[in-house]
């Protein structure tokens with residue numbers, strides 16, 4: 025009879041979604057190496073610091089989330105957010121085109137809230153529109 029411990033491993037893909045402070049970034053520390061963190065949240069590096077994880081930051085100079093405001097206290101302009109989105113998009117296109125993703129067993133985006141807002145801002149800026157940050161509880 026076959027045993028699951030002997031089953032071949034395939035690619036594992038999952039999304040971990042949870043409340044702020046619930047341990048999502050900490051859980052990433054247990055993922056297989058080599059690992060890459062694509063950071064959209066300034067506080068994420070506090071958890072990763074000292075661990076063998078490569079990272080790239082895509083953080084506007086000023087970030088305002090529904091959780092708290094950091095680095096100055098005001099929402100980034102649409103241009104700041106759109107520029108950050110464009111920088112990430114260029115990085116991602118090259119990352120995929122060059123096959124760099126094959127160098128990692130684990131890849132994380134942190135935080136999903138900021139990432140989603142930046143993508144939305146990038147798309148809206150391309151169409152000449154703006155969207156405020158979500159209010160707390162939205």
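Residue numbers (the working numbering): 25 to 162.
Quick reminder that beta carbons are idealized off the backbone N, C-alpha and C, glycines included.
Proximity below 7 Å, CB of residue i to CB of residue j
i	j	result
residue 62	residue 133	yes
residue 65	residue 135	yes
residue 114	residue 142	no
residue 39	residue 130	no
residue 108	residue 84	yes
residue 128	residue 119	no
Cross-strand partners of residue i (DSSP beta bridge)
i	result
residue 134	63
residue 125	Paired residues: none, contrary to the question.
residue 109	Beta-bridge pairing links residue 109 to no other residue.
residue 79	61
For residue i, three-class secondary structure by DSSP
i	result
residue 30	helix
residue 36	coil
residue 95	Here residue 95 scores only 48 on pLDDT, less than 50, and its place in the model is too uncertain to base an answer on.
residue 146	helix
residue 53	coil
residue 72	helix
Cut-off 6 Å between Cβ atoms - residues of its own chain near residue i, not counting five sequence neighbours on either side
i	result
residue 51	none
residue 79	61, 63
residue 68	49, 134
Cβ shell of residue i (< 7 Å), same chain only, five flanking positions each side left out
i	result
residue 76	57
residue 110	146
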